[in-house]
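Chemist: Here's a structure for you.
Protein chains: 2
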Amino acid sequence: MSLSARSDPIERRSLHHELVERLRVLINAGELKPGTKIPEKALCEKFAVSRTPLREALKVLSVEGFVKLTPNRGAAVAEFTLQDLEHVFPVIASLEALSGELVCAQISNREIDAIGELHHEMLERHRLRQRPEYFRLNQAIHEAILDAAGNPALQATHRSLAGRIARARYMANLSQPRWDQAVAEHEEILLALRARDRNRLPKLLRDHVMTKFASVKAAFAEQE
Amino acid sequence: MSLSARSDPIERRSLHHELVERLRVLINAGELKPGTKIPEKALCEKFAVSRTPLREALKVLSVEGFVKLTPNRGAAVAEFTLQDLEHVFPVIASLEALSGELVCAQISNREIDAIGELHHEMLERHRLRQRPEYFRLNQAIHEAILDAAGNPALQATHRSLAGRIARARYMANLSQPRWDQAVAEHEEILLALRARDRNRLPKLLRDHVMTKFASVKAAFAEQE
DNA sequence: GAATAGTATGTTGCATTCATAATTCAAGTC
DNA sequence: GACTTGAATTATGAATGCAACATACTATTC
Numbered sequence: 016m017s018l019s020a021r022s023d024p025i026e027r028r029s030l031h032h033e034l035v036e037r038l039r040v041l042i043n044a045g046e047l048k049p050g051t052k053i054p055e056k057a058l059c060e061k062f063a064v065s066r067t068p069l070r071e072a073l074k075v076l077s078v079e080g081f082v083k084l085t086p087n088r089g090a091a092v093a094e095f096t097l098q099d100l101e102h103v104f105p106v107i108a109s110l111e112a113l114s115g116e117l118v119c120a121q122i123s124n125r126e127i128d129a130i131g132e133l134h135h136e137m138l139e140r141h142r143l144r145q146r147p148e149y150f151r152l153n154q155a156i157h158e159a160i161l162d163a164a165g166n167p168a169l170q171a172t173h174r175s176l177a178g179r180i181a182r183a184r185y186m187a188n189l190s191q192p193r194w195d196q197a198v199a200e201h202e203e204i205l206l207a208l209r210a211r212d213r214n215r216l217p218k219l220l221r222d223h224v225m226t227k228f229a230s231v232k233a234a235f236a237e238q239e
Numbered sequence: 016m017s018l019s020a021r022s023d024p025i026e027r028r029s030l031h032h033e034l035v036e037r038l039r040v041l042i043n044a045g046e047l048k049p050g051t052k053i054p055e056k057a058l059c060e061k062f063a064v065s066r067t068p069l070r071e072a073l074k075v076l077s078v079e080g081f082v083k084l085t086p087n088r089g090a091a092v093a094e095f096t097l098q099d100l101e102h103v104f105p106v107i108a109s110l111e112a113l114s115g116e117l118v119c120a121q122i123s124n125r126e127i128d129a130i131g132e133l134h135h136e137m138l139e140r141h142r143l144r145q146r147p148e149y150f151r152l153n154q155a156i157h158e159a160i161l162d163a164a165g166n167p168a169l170q171a172t173h174r175s176l177a178g179r180i181a182r183a184r185y186m187a188n189l190s191q192p193r194w195d196q197a198v199a200e201h202e203e204i205l206l207a208l209r210a211r212d213r214n215r216l217p218k219l220l221r222d223h224v225m226t227k228f229a230s231v232k233a234a235f236a237e238q239e
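In structure tokens:
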């Protein structure tokens, strides 16, 4: 057995880190609804940990924008308004535009092919009207483009903003025409990507995000 | 005395919040140098607090990218490489471009005048070769534009990224020709702002950031 | 003398405890 | 009966204590 080539290091997980991830999931899944108070004691019992790591996790989630901490009054799941979305989406759109620019400069054929495969599977899901699978693939495509842009700072920033509004994205129960439009946009995106068209791709990605925003906005307004 | 109109609420400061701010300053001022280990005990004594709030502060700073936490091995001031800067600057540039776009759509004459004043004072500082004052005003102008864009998400994202590389910005001990060029760019920016030229301003802001990056890069390379 | 095993020391992660601020609820007042 | 006031309860903020891990050092072996 080779001792010089070290195998994958054992991943160490601290409790607070684990808690951060679990709470993020709970919030995004809607299990913890926006605005609800988070009493520390309750969560401590739920996860069978003491308050110390839980409080550390809440501090982290606060920076990430998932919870809102009020001194001496504890934590609450962060709420977001339509206005918040109107602020966040254009930023995400700008970041995706940048990713489009960078991608054209350096994406490999192999990466394009991989995205192409995701794309075609997504088309199939659209044809079969399988929304959850479609969503998953849609997201995978956008992440793949971000990855191919090769800019970790961009990725991290995008991920952080996208994470915060993930809940809203799920509510967008898009209508058939909007869905069809989104798919059409993806077709164009893939064409521009294959052509490495650095004038067109950024604009397409940007517009695509704003289209998404439109459907989210509609769903959001409907909920009120 | 009016009781209905509440006066400014008393600002509550928790220890961890205070610590986050102080540590950020220490790191940005270079008092805690990149790569140095941060033993909890030492800082606890320095600030006369217990480890609990300090550890919470370190978690926050870790998310913000100022320190790097390694499980069971404690915290160290985050290092950044030239590559990191090459990733972060384009993102900041994109965000500033977006701010330029938004600003053109909604900035008031009053806000433009205020920025104009900052600009003229900055010119004076440039004429007198007063670098620290110039830097301060320069930053104030960019912040004022961000403010006028009226997008808190954009502001927060920009602030976070800018904060992380603040140390690098300070090292940019720009040469006279570069300095002159930066001032010239600011002149153009102000013109486009006054004209609310939404085609030109975003591009100018973006290029300006990238110019800044060039001088930072030069200073960075020199240090090695 | 170099390398390894074993030991001691220091640090970190988490649980617990103590102190303080917020909330609840009951008694009292108009 | 609505409003205020003050005590009791509860939750949060911070300090301390303990166990696990990492590092530094010493001793032992070859």
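Taken in order, these protein sequences are the chains called A and B. Just so you know, we're using the working numbering here: the first sequence kicks off at 16 and counts up by one. Just so you know, we're using the working numbering here: the second sequence kicks off at 16 and counts up by one. For glycine and all other residues, C-beta sits at the position ideal for the given N, C-alpha and C.
Tell me, please, which residues DSSP counts as bridged to L84(B).
Modeler: Taking the first residue of the second sequence as position 1, residue 84(B) is located at position 69. The partner list for L84(B) (beta bridge, DSSP) reads A90(B).
Chemist: Does the distance from the C-beta atom of A168(B) to that of V103(A) stay below 7 Å?
Modeler: Within the second sequence, the letter at position 153 stands for residue 168(B). Within the first sequence, the letter at position 88 stands for residue 103(A). The answer is yes: Cβ separation under 7 Å.
Chemist: For a contact defined as C-beta to C-beta under 8 Å, what are the partners of H102(B) on chain A?
Modeler: For the purposes of this step, residue 102(B) is identified with residue 87 of the second sequence, where counting begins at 1. Neighbours of H102(B) on chain A, chain order: N166, P167, A168 and L169.
Chemist: To test your reading of the DSSP string, which unbroken alpha helix (DSSP H) runs of 4 or more residues are found completely within the segment 152 to 221 of chain A?
Modeler: 167 to 179, 181 to 186 and 191 to 209
Chemist: Contact defined as beta carbons within less than 8 Å: I believe L73(A) pairs with A90(A). What is the distance between those atoms, to the nearest angstrom?
Modeler: Position 58 of the first sequence, counting from 1, holds the residue named residue 73(A). Position 75 of the first sequence, counting from 1, holds the residue named residue 90(A). About 5 Å separates the Cβ atoms of L73(A) and A90(A), confirming a contact at the 8 Å cut-off.
Chemist: Please report the straight-line C-alpha distance between L97(A) and N214(B), rounded to a whole angstrom.
Modeler: The residue you call residue 97(A) lines up with position 82 of the first sequence. The residue you call residue 214(B) lines up with position 199 of the second sequence. Approximately 28 Å, taken between the alpha carbons.
Chemist: Along chain B, in chain order, which residues have C-beta atoms closer than 9 Å to that of P105(A)?
Modeler: Position 90 of the first sequence, counted from the first residue, corresponds to residue 105(A). Simply L113, E116, L117, N166, A168 and L169.
Chemist: Which residue comes first and which comes last in the alpha helix (DSSP H) that contains S109(A)?
Modeler: On the first sequence, position 94 is the one that residue 109(A) refers to. First-last of the alpha helix (DSSP H) with S109(A): L97 to Q121.
Chemist: Anyone know if the C-beta pair for Y149(B) and H157(B) falls short of 7 Å?
Modeler: On the second sequence, position 134 is the one that residue 149(B) refers to. On the second sequence, position 142 is the one that residue 157(B) refers to. Cβ atoms of Y149(B) and H157(B): not closer than 7 Å.
Chemist: Nearest-angstrom Cα distance between G131(B) and C59(A)?
Modeler: Within the second sequence, numbered from 1, the residue matching residue 131(B) stands at position 116. Within the first sequence, numbered from 1, the residue matching residue 59(A) stands at position 44. G131(B) and C59(A): Cα-Cα distance of roughly 54 Å.
Chemist: List the endpoints of the continuous alpha helix (DSSP H) containing R144(A).
Modeler: Along the first sequence, one-based indexing puts residue 144(A) at 129. In the DSSP annotation of this structure, R144(A) is not part of any alpha helix (DSSP H), being labelled neither H nor E.
Chemist: Among the residues of its own chain, which have a CB less than 8 Å from the CB of S109(A), if the five just before and after it don't count?
Modeler: The residue labelled residue 109(A) in the question sits at position 94 within the first sequence. Closer than 8 Å at the Cβ level, and outside the excluded window around S109(A), lie R221.
Chemist: Where W13(B) and L113(B) are concerned, what is the direct C-alpha to C-alpha distance, given to the nearest angstrom?
Modeler: Only positions 16 to 239 of chain B appear in the structure, and residue 13(B) is not among them; the question remains open.
Chemist: Quick one: grab the DSSP three-state call for K56(B).
Modeler: In the second sequence, residue 56(B) corresponds to position 41, counting from 1. In the structure shown, K56(B) sits in a helix (DSSP, three-state: H, G or I).
Chemist: Does any CB atom of chain A fall closer than 7 Å to the CB of V78(B)?
Modeler: One-based indexing of the second sequence puts residue 78(B) at position 63. Output row for V78(B): interface = yes.
Chemist: From this set, E55(B), C119(B), V78(B) and E36(B), which residue's C-alpha is nearest D212(B)'s C-alpha?
Modeler: As a first step, residue 212(B) must be located in the second sequence, where it is residue number 197. Between D212(B) and the set E55(B), C119(B), V78(B) and E36(B), the nearest pair of CA atoms involves C119(B).
Chemist: Name the residue from H201(A), N43(A) and K227(A) whose alpha carbon lies nearest to the alpha carbon of L216(A).
Modeler: What you label residue 216(A) is simply residue 201 of the first sequence in a count that begins at 1. When only C-alpha atoms are compared, the closest one is H201(A).
Chemist: Is any beta-carbon of chain A found at less than 7 Å from that of I27(B)?
Modeler: If you number the second sequence from 1, residue 27(B) lands on position 12. In the sequence on display, residue 27(B) carries Arg and not Ile. Yes, R27(B) lies at the interface with chain A (some Cβ there is under 7 Å from its Cβ).
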